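Participant: Numbers given in the working numbering equal positions in the sequence shown, counted from 1, plus 323. The beta-carbon is built from N, C-alpha and C at its ideal position, and this holds for glycine as well. In this text the structure is predicted, and so the values were computed from the model without any measurement.
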Amino acid sequence: MRVAVCPGSFDPVTNGHLDVFTRAANVADRVVVAVLVNRSKSSLFTVDERIDLLREVVAPLENVEVDCFHGLLVDYCREHGIGAIVKGLRAVSDFDYELQMAQMNYRLAGVETLFVSTNPLYSYLSSSLVKEVATHGGSVAGLVPDPVLERLRERVAAQASAKE
Ligand code: PNS
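(1) Once you ignore the five residues that flank PHE438 on each side, which residues in its own chain have a CB closer than 6 Å to its CB?
(2) Taking Cβ to Cβ, would you say THR436 is nearer than 8 Å to ILE405?
(3) So, at 6 Å on beta carbons, what are the nonlocal neighbours of VAL387 in its own chain, with the 5 sequence-adjacent residues on each side left out?
(4) Whose CA, out of HIS393, ALA351, THR458 and ASP334, lies closest to the CA of ALA480?
(5) Skipping 5 residues on each side, what residues in its chain have a beta carbon closer than 7 Å to that of ARG401?
(6) How should HIS340 be labelled, buried or exposed, when 16 other C-beta atoms within 10 angstroms of its C-beta is the threshold for buried?
(7) Could you tell me the alpha carbon to alpha carbon distance between VAL326 and GLU477, rounded to whole angstroms?
(8) With burial defined as no fewer than 16 other Cβ atoms inside 10 Å of the residue's Cβ, what is the status of ASN428: buried or exposed?
(9) Give the list of continuous alpha helix (DSSP H) stretches no shorter than 4 residues that lie fully inside the region 419-466.
(10) Cβ-heavy atom distance between GLY331 and ligand 1 below 7 Å?
(11) Given PRO335, which residues of its chain have a CB within under 8 Å of its CB, disregarding the five upstream and five downstream residues?
(12) Going by DSSP in three states, PHE344 sits in which element: helix, strand or coil?
(13) Spell out the partners DSSP gives ASP371 in its beta bridges.
Have a look at this one:
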């Protein structure tokens, strides 16, 4: 059985991520979407909230599940019998860092990284931009799954009222 992992922060998951999960699910038998637990990075949504949202949005994809991990991704891969990492490449700007990580992960544990070219509809999209736009009242409709849109609205409204 070919198992692949789609790792990331997913704060929050976007339609670009969802496109990558869907395409990974078409080529692997099983796909694990793995959320990095990174206590040093401040986030809009907690890891549990991100996992809940991810579970909701991947529910229609039968061979996709959601988990979280600490530490090195290759250790998680080793522990779970995962042989491949699947990442989306949006633009040349992603390439240098992604190549470094892919080479390091292969050097550390022989884990392959497969890149899918991001759907051009989402090539400019990132979780950071989604948060920035949403925080300042811009619309991210169509860029994130509907449950995320809802939770973003609630979170931004809660943050605004906490500042008053
Ligand atoms: O969504 P992000 O924050 O861009 O995802 C980055 C992620 C989680 C894929 C990357 O930081 C990662 O794999 N971190 C785990 C720690 C690790 O294995 N570091 C060595 C990478 S070569």
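Facilitator: Walking through what the data contain:
(1) Reading the sequence shown from its first residue, position 115 is the one you call residue 438. Exclusion of the five residues before and after PHE438 leaves LYS410 and LEU412 as the residues of its chain whose Cβ lies within less than 6 Å of its Cβ.
(2) Here residue 436 refers to the residue found at position 113 of the sequence shown. Here residue 405 refers to the residue found at position 82 of the sequence shown. In this structure, ILE405 does not lie closer than 8 Å to THR436 by Cβ.
(3) Here residue 387 corresponds to residue number 64 of the sequence shown, with the count starting at 1. Within the same chain, and ignoring the five residues on either side of VAL387 in sequence, the residues whose Cβ sits closer than 6 Å to its Cβ are PHE344, ALA348, VAL354 and VAL381.
(4) Locating residue 480 in the sequence shown gives position 157, where the first residue counts as 1. Cα-wise, what sits closest to ALA480 is THR458.
(5) Reading the sequence shown from its first residue, position 78 is the one you call residue 401. Its chain contains ALA432 as the residues whose beta carbon lies nearer than 7 Å to that of ARG401, once the 5 sequence neighbours on both sides are disregarded; these appear in chain order.
(6) Here the question's residue 340 lines up with position 17 in the sequence shown. HIS340 is buried by the Cβ-count criterion.
(7) Against the sequence shown, residue 326 aligns to sequence position 3. Against the sequence shown, residue 477 aligns to sequence position 154. Note on geometry: alpha-carbon atoms of VAL326 and GLU477 lie some 35 Å from one another.
(8) As a first step, residue 428 is located in the sequence shown; it is residue number 105 there, counting from the start. Its Cβ being crowded by 16 or more others within 10 Å, ASN428 is buried.
(9) DSSP assignment within the region 419-466 yields the following whole alpha helix (DSSP H) runs of 4 residues or more, N-terminal first: 450-458.
(10) By 1-based counting over the sequence shown, the position of residue 331 is 8. Using a cutoff of 7 Å, the CB of GLY331 counts as near ligand 1, since one of the ligand's heavy atoms is closer than that.
(11) If you number the sequence shown from 1, residue 335 lands on position 12. So the qualifying residues of the chain are LEU367, PHE368, ARG373, LEU376, SER450, VAL453, LYS454, VAL467, VAL471, ARG474 and LEU475.
(12) Against the sequence shown, residue 344 aligns to sequence position 21. Secondary structure at PHE344: helix, using DSSP grouped into helix, strand and coil.
(13) Counting from one through the sequence shown, the residue named residue 371 turns up at place 48. Per DSSP, none; premise fails for ASP371.
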